[in-house]
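>
Residue numbers (the working numbering): 356 to 413.
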């Protein structure tokens, strides 16, 4: 399985920035990800806390 460039904590941090009002296009450009990747992450990790992501990993 391919290893992700971003940890779950980093992904949740990026999603939190979008919730805070940063435009998705700007976030994607800043972090070097596609729009599709962002929306896939949002469907998977949206609404999670970092502790939830750690529990998901274990």
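Each residue gets a CB set at the ideal place from its N, CA and C atoms; glycine is no exception.
For residue 358, which of helix, strand or coil comes out of DSSP?
In the structure shown, residue 358 sits in coil (DSSP, three-state: anything other than H, G, I, E or B).
> From 381, 368, 384 and 359, pick the residue whose C-alpha is nearest to that of residue 397; which is it?
Looking at the Cα atoms, 368 is the closest of the given residues.
> So residue 405 packs on residue 364, CB below 8 Å; how close in whole Å?
With 8 Å as the limit, residue 405 and residue 364 qualify as a contact, their Cβ atoms being about 5 Å apart.
> Report all residues from its chain with a CB closer than 7 Å to the CB of residue 383; omit the five preceding and five following residues, and keep chain order.
The answer, listed in chain order, is 389, 390 and 393.
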